[in-house]
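Below you'll find the structure, written out as structure tokens, and then a few comments.
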Amino acid sequence: MAAHLAHPGLFITLEGTEGCGKSTHIRLLANRLRELGYSPVTLREPGGTSIGEEIRHTLKHSHRNHAMTAETELLLMNASRAQLVREVIRPALQEGKVVLCDRFVDSTVAYQGYGRGLDLHRVQQVVELATGTLTPELTLLLTVPIAVSESRRLARRSRENAPRDRLEEEDRQFFLRVEEGFQAVAREHPERIRVVSSTADPKLVRGQIWSHVQALLDARVAAGWPVPQVRPTSSTC
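Numbering follows my numbering, in which position 3 of the sequence shown is assigned residue number 108; successive positions increment by one, without gaps.
Put into structure tokens, the structure is as follows:
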């Protein structure tokens with residue numbers, strides 16, 4: 106590997122507001138990477154560790170979280186993240202693996218910074234404590250109109266046995282602020298954030314996502330990354 110690389114692995118995050126399709130596309134992307142011989146590690150935030158999943162339940166699904174303050178939410182999100190970074194993400198990157206994470210620091214800026222209205226400088230301080238300044242090589246920001254997001258959230262909540270999700274219960278104004286936050290982050294970090302409209306034809310969306318990932322893989326291979334010695338199978342991404 107080239108000496109300037111922070112670690113021998115590859116860290117890719119998927120971001121976006123509720124109902125943008127992150128979970129679907131991270132699964133498809135992981136499948137495509139496996140077909141090419143990689144062994145991707147797929148994670149979600151909050152969560153991804155035993156401690157993180159307990160925090161996730163408290164943040165999202167507990168029936169005792171109605172009084173949670175914005176500051177508590179910020180600290181719990183980043184407590185889960187601190188554990189995930191140290192227990193899973195950094196070790197996987199040091200082993201040279203591709204790590205795919207459903208949400209990371211940009212969601213904190215969008216949700217707790219813009220959505221909750223917390224001071225952005227304070228938010229960044231907490232994030233840096235949690236991550237140790239770990240930054241993704243590539244962030245795929247999936248966008249969706251607010252009306253589509255609302256429709257998908259309602260459909261998800263109406264499913265039988267669907268768990269309560271405190272964040273999905275927020276009103277339209279909250280999610281408009283969150284979307285504003287994601288747009289601001291994308292403008293601030295064009296070197297790593299690629300914006301993809303998730304309301305386009307599904308094949309087109311998958312193709313756009315893969316083109317960004319392929320460019321990053323090609324750059325890493327050029328820097329000395331080993332190419333998996335596996336014959337590709339039929340693609341699902």
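Note that beta-carbon positions come from the ideal geometry of N, C-alpha and C, so glycine has one too. Since this is a predicted model, take the numbers as computed values, not measurements.
Distance from the CA atom of Val318 to the CA atom of Asn136, rounded to whole angstroms, is 13 Å.
A distance below 8 Å separates the beta carbons of Leu189 and Gly157.
Sequence-distant Cβ neighbours of Asn266 in its own chain, meaning closer than 7 Å and more than five residues away, do not exist here. Short of 7 Å from the beta carbon of Gly124, and not among the five residues preceding or following it, lie these beta carbons of its own chain, in chain order: Val249, Val253, Ser254, Arg257, Arg258. The C-beta separation of Leu115 from Leu247 comes to about 19 Å, leaving the pair out of contact by the 8 Å criterion.
Ser212 is not a Cβ neighbour of Glu275, given a cutoff of 8 Å. In the DSSP annotation of this structure, the continuous segment of the beta strand (DSSP E) that includes Val204 starts and ends at 203-207. If you look at Leu247, you'll find it isn't in any alpha helix (DSSP H); it sits in the beta strand (DSSP E) that goes 243-248.
Where Ser167 is concerned, there is no enclosing alpha helix (DSSP H), because DSSP gives it neither an H nor an E. With respect to the 8 Å criterion, Gly126 and Ser302 are not classified as neighbours on the basis of their beta carbons. Taking a contact as a CB-CB distance under 8 Å, the pair Leu225 and Ile314 does not count as one, their CB atoms being some 28 Å apart.
Its chain contains Leu246, Thr248, Ala291 as the residues whose beta carbon lies nearer than 7 Å to that of Val300, once the 5 sequence neighbours on both sides are disregarded; these appear in chain order. When beta bridges are read from the DSSP output, Phe116 appears opposite Val204.
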